[in-house]
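Trainee: First the structure, which I've put down as structure tokens, then a few questions once you've had a look.
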Amino acid sequence: MSTPFYVSPQQAMADRAEYARKGIARGRSLVMLQYADGIAFVAENPSRALHKVSEIYDRIAFAATGKYNEYESLRIGGTRYADLRGYTYDREDVTARGLANIYAQTLGNIFSSAAEKPYEVELLVAEVGETPAEDEIYRLPHDGSIIDEHGSVAVGGNSDQIGSYLGQRHRGEMSLGEAVRLAVEALSRDSNGSERELTADQLEVAVLDRKRPQQRKFKRVLGRELAALLQRPEEQAGTEAGAGESGGAETSGDPEGSGDSGDSAAGD
Amino acid sequence: MAANSHHQGRLPAAFLRPGSSSFFDFLTDHAPDRLPGRQALPAVEGAIEAVHGTTIVAATFDGGVVVAGDRRATMGNMIAQRDVQKVFPTDEYSAVGIAGTAGIAVELVKLFQLELEHFEKVEGHVLSLEGKANRLSTMIRGNLGMAMQGLAVVPLFAGYDLEREKGRIFSYDVTGGRSEELGFAAVGSGSVFARGALKKMHHEELSERETATVVLQALYDAADDDSATGGPDLARRIYPIVSAITADGFRRLSDTEVGELVGSVHEGRLRLPNGPQAPVL
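Which chain is which? The protein sequence lines are A and B, in order.
Take 1 as the starting number for the first sequence in the UniProt record's numbering and just add one per residue.
Take 1 as the starting number for the second sequence in the UniProt record's numbering and just add one per residue.
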């Protein structure tokens with residue numbers, strides 16, 4: 001019997017991380033941003049049936065990129081965990097922190113177990129609070145680490161570039177329409193700097209809306225409602241094109257009644 | 001045990017296993033001790049003293065269905081609670097009213113609500129009304145052991161069928177036997193009297209408001225002749241719970257709305273204590 005080659009633990013872990021990262025980078029990106037009334041998720045996803053963003057519990061949503069079967073099983077596991085916990089104790093006792101923790105343990109275990117291949121997924125777990133300050137957002141990379149995020153975050157292939165684009169332009173008090181348009185702008189920039197056109201049917205958009213009267217705050221934004229959100233009022237386009245470089249100048253676009261009317265039209 | 005929610009390690013394998021979209025099945029498989037009605041009971045003589053809920057009525061109208069229940073819970077001769085809630089929304093387009101052992105019934109409703117929500121979240125679409133009614137059937141059958149010891153739960157399930165665009169009512173027996181009721185239905189100790197009233201007053205041309213009045217009349221008659229059913233408590237302003245399910249979803253009528261209807265029913269009864277009279281022929 002031949003002696004196996006010695007591989008240092010560092011090398012083994014680096015190889016596994018490399019493997020997972022490559023898998024994730026193949027997937028299309030997904031962004032999440034806080035806006036005035038909640039948290040919005042925007043993903044490039046041509047499929048109507050295979051979702052990247054889903055509801056977990058009353059105030060908690062789950063978003064993922066990477067390998068579908070792997071994050072789907074984590075999503076179902078998380079739903080079972082949340083429902084069992086809510087059933088055993090109370091609906092209030094289901095928190096994003098608890099869920100993120102259990103995902104981190106699961107991913108970490110799988111990542112370091114020699115018997116399993118690492119999951120090629122990156123997850124986001126978000127909980128919408130009563131106020132923007134109480135919103136909780138956790139990002140969970142493939143290795144089981146857990147990162148507390150604020151404002152905006154991007155995961156998936158090309159996430160660094162998209163994340164920094166968002167970071168420069170995102171404001172917490174944005175309306176849903178502004179947030180979604182910014183997200184689409186960020187997603188449509190390719191790594192080589194060129195821009196693609198993303199239409200409503202290539203996008204998956206969902207929100208955790210703290211203003212929603214129902215107990216369950218998660219809602220998908222579909223069809224006409226999404227098209228209305230994506231519609232950019234002409235004057236606003238002018239302001240933002242001018243403000244594109246300076247970033248801070250975007251406040252001039254704030255009293256845009258037109259953008260708000262677009263949102264309310266989408267609501268009915 | 002692995003099912004412990006305090007468990008801070010990774011998700012147990014059962015959580016990640018693909019398969020059923022049913023929370024009830026998951027619980028049966030993973031933590032059967034948490035299901036209501038699964039404990040083996042010691043043999044006892046006679047019925048166990050436990051809180052009982054009483055009369056539930058439902059009636060359809062053009063465009064939906066109304067479900068209502070009185071507010072009394074009894075324990076033997078005693079009134080255990082005056083303002084108990086026995087009608088619950090189970091999801092956006094359905095509701096369940098429960099008669100029988102309150103402790104088990106409330107737990108069963110909680111599990112049923114969760115069952116529908118869980119399916120919706122996992123599958124991404126809602127169960128058909130027929131599917132929901134069947135799930136409830138299975139869950140009641142799971143309680144058969146308890147039912148045979150006198151701790152029975154008998155629900156009335158009603159909902160708006162989005163496919164057929166009409167309100168539908170399903171009634172059950174303790175063994176989980178399910179039957180669809182046409183027009184109206186009643187369960188619980190006062191159901192005999194309520195059904196008699198519904199029979200004489202209900203017809204399909206009624207509006208939502210008229211149907212709500214009819215179910216209130218039926219509950220009034222049930223309370224009139226059944227000591228375990230509570231009539232509207234005008235002094236304390238405790239009125240029956242009335243909810244309507246239409247294409248717009250579940251809506252519980254506010255206390256003000258029900259109070260108005262109860263007021264006019266009560267006024268009518270001051271003139272005709274036995275309620276409205278049906279023509280002889």
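Ideal placement from N, C-alpha and C gives every residue a C-beta, glycine not left out.
All values reported here derive from a predicted model rather than from experimental measurement.
Here's a check: name, in chain order, each residue in its chain whose Cβ is nearer than 6 Å to the Cβ of Ala-20/A, leaving out the five neighbours to either side.
Mentor: Position 20 of the first sequence, counted from the start, is the residue given in the question as residue 20/A. So the qualifying residues of the chain are Pro-118, Glu-120 and His-142.
Trainee: Flag this pair as yes or no: are the beta carbons of Glu-44/A and Leu-187/A separated by less than 8 Å?
Mentor: For the purposes of this step, residue 44/A is taken as residue 44 along the first sequence, with counting starting at 1. For the purposes of this step, residue 187/A is taken as residue 187 along the first sequence, with counting starting at 1. Contact flag set, yes.
Trainee: Between which two residues does the alpha helix (DSSP H) carrying Glu-185/A extend?
Mentor: Translated into the one-based positions of the first sequence, residue 185/A becomes position 185. Note, Glu-185/A: alpha helix (DSSP H), 176-187.
Trainee: With a Cβ-Cβ cutoff of 8 Å, do Leu-129/B and Leu-116/B count as a contact?
Mentor: In the second sequence, the residue the question calls residue 129/B occupies position 129. In the second sequence, the residue the question calls residue 116/B occupies position 116. Not in contact: Leu-129/B and Leu-116/B (Cβ atoms no closer than 8 Å).
Trainee: Mind pulling the alpha helix (DSSP H) runs of 4 or more residues that sit fully within the segment 122-174 of chain B?
Mentor: You should have 129-141 and 144-148.
Trainee: At the 8 Å Cβ level, is Lys-121/B part of the contact set with chain A, yes or no?
Mentor: The residue you call residue 121/B lines up with position 121 of the second sequence. At least one chain A Cβ lies under 8 Å of Lys-121/B.
Trainee: Measuring straight from C-alpha to C-alpha, what distance separates Leu-162/B and Leu-144/B?
Mentor: Residue 162/B sits at position 162 when you count from the first residue of the second sequence. Residue 144/B sits at position 144 when you count from the first residue of the second sequence. About 31 Å.
Trainee: DSSP state of Leu-107/A, grouped into three classes?
Mentor: The residue given as residue 107/A occupies position 107 in the first sequence. The answer is helix: DSSP assigns Leu-107/A an H, G or I state.
Trainee: Name the one or two DSSP bridge partners that Asp-148/A has.
Mentor: The sequence position of residue 148/A within the first sequence is 148, counting from 1. According to DSSP, Asp-148/A bridges with Tyr-138/A.
Trainee: Have a look at residue 269/A and Leu-140/A and give me their C-alpha separation to the nearest angstrom.
Mentor: No statement about residue 269/A is possible, as the shown extent of chain A runs from 1 to 268 and does not include it.
Trainee: Quick one, which of Gly-275/B, Arg-252/B, Glu-165/B and Glu-260/B has its alpha-carbon nearest Gly-69/B's?
Mentor: Position 69 of the second sequence holds residue 69/B. Comparing Cα-Cα distances from Gly-69/B to each of Gly-275/B, Arg-252/B, Glu-165/B and Glu-260/B, the minimum goes to Arg-252/B.
Trainee: Please name the residues in the segment 242-255 of chain B whose beta-carbon is closer than 9 Å to at least one beta-carbon of chain A, in chain order.
Mentor: Those residues of the segment 242-255 of chain B that come within reach of chain A (Cβ to Cβ, closer than 9 Å) do not exist; the list is empty.
Trainee: What is the DSSP secondary structure of Ala-31/B, reduced to helix, strand or coil?
Mentor: The sequence position of residue 31/B within the second sequence is 31, counting from 1. If DSSP states are grouped into helix, strand and coil, Ala-31/B belongs with coil.
Trainee: Using CA coordinates, which residue listed in Glu-92/B, Ile-98/B, Val-106/B and Thr-101/B is at the minimum distance from Glu-120/B?
Mentor: The sequence position of residue 120/B within the second sequence is 120, counting from 1. The candidate whose alpha carbon is nearest that of Glu-120/B is Glu-92/B.
Trainee: Can Gly-190/B and Thr-229/B be called in contact, C-beta distance under 8 Å?
Mentor: As a working note, residue 190/B is residue 190 in the second sequence. As a working note, residue 229/B is residue 229 in the second sequence. Cβ atoms of Gly-190/B and Thr-229/B: closer than 8 Å.
Trainee: Kindly indicate which three-state DSSP category Pro-89/B falls into: helix, strand or coil?
Mentor: The count along the second sequence starts at 1 and reaches residue 89/B at position 89. DSSP places Pro-89/B in strand when its eight states are reduced to three.
Trainee: Could you check if Glu-122/A is buried or exposed, using at least 16 other CB atoms within 10 Å of its CB as the buried criterion?
Mentor: In the first sequence, residue 122/A corresponds to position 122, counting from 1. Buried: at least 16 other Cβ atoms inside 10 Å.
Trainee: Note down, in chain order, every chain C residue with its Cβ under 9 Å from the Cβ of Arg-34/B.
Mentor: Judged by its chain identifiers, the structure shown contains no chain C, and its protein chains are A and B.
Trainee: Grab me the residues of Val-215/B's own chain with a C-beta within less than 7 Å of its C-beta, minus the 5 sequence neighbours each way, in chain order.
Mentor: Taking the second sequence and counting its residues from 1, the one referred to as residue 215/B is at position 215. Answer for Val-215/B: Val-57, Ala-59, Val-66, Ala-68 and Val-242, listed in chain order.
Trainee: Could you give the residue range of the alpha helix (DSSP H) that holds Lys-219/A?
Mentor: Taking the first sequence and counting its residues from 1, the one referred to as residue 219/A is at position 219. Taken as a continuous stretch (DSSP letters only), Lys-219/A belongs to no alpha helix (DSSP H), being part of the beta strand (DSSP E) at 218-221.
Trainee: Under a CB-based cut-off of 8 Å, is His-150/A close to chain B?
Mentor: Looking up residue 150/A in the first sequence gives position 150. So no, His-150/A is outside the interface.
Trainee: To the nearest angstrom, report how far apart Met-75/B and Ala-218/B are at their CA atoms.
Mentor: As a working mapping, residue 75/B is identified with position 75 in the second sequence. As a working mapping, residue 218/B is identified with position 218 in the second sequence. Using only the alpha carbons, I get a separation of about 23 Å.
Trainee: Would the beta-carbon of Asp-143/A be found less than 7 Å away from any heavy atom of the ligand NAD?
Mentor: The ligand NAD is not among the ligands present in this structure, which contains no ligands whatsoever.
Trainee: Whose C-alpha, out of Asp-190/A, Met-174/A, Val-31/A and Asn-109/A, is nearest the C-alpha of Val-205/A?
Mentor: Residue 205/A sits at position 205 when you count from the first residue of the first sequence. Per the Cα distances, Val-31/A.
Trainee: Across the segment 18-30 of chain B and the segment 73-81 of chain A, are there enough close Cβ pairs to call them in contact, namely three or more that are closer than 8 Å?
Mentor: Counting Cβ pairs under 8 Å, three or more are found: they touch.
Trainee: Quick check: the segment 222-238 of chain B against the segment 253-273 of chain B, are at least 3 beta-carbon pairs closer than 8 Å?
Mentor: Yes: the two stretches touch, three or more of their Cβ pairs being nearer than 8 Å.
Trainee: Is the distance from the Cβ of Val-128/A to the Cβ of Leu-99/A below 8 Å?
Mentor: As a working note, residue 128/A is residue 128 in the first sequence. As a working note, residue 99/A is residue 99 in the first sequence. Going by C-beta atoms, Val-128/A is not nearer than 8 Å to Leu-99/A.
Trainee: Establish whether the CB of Ile-76/A and some CB of chain B are separated by less than 8 Å.
Mentor: In the first sequence, counting from the first residue as 1, residue 76/A sits at position 76. Yes - at least one Cβ of chain B is within 8 Å of the one on Ile-76/A.
Trainee: Quick one: grab the DSSP three-state call for Ala-235/B.
Mentor: Taking the first residue of the second sequence as position 1, residue 235/B is located at position 235. It is coil, neither helix nor strand.
Trainee: Could you check the C-alpha separation between Gln-149/B and Pro-132/A for me, to the nearest Å?
Mentor: In the second sequence, residue 149/B corresponds to position 149, counting from 1. In the first sequence, residue 132/A corresponds to position 132, counting from 1. Distance between the alpha carbons of Gln-149/B and Pro-132/A: 52 Å.
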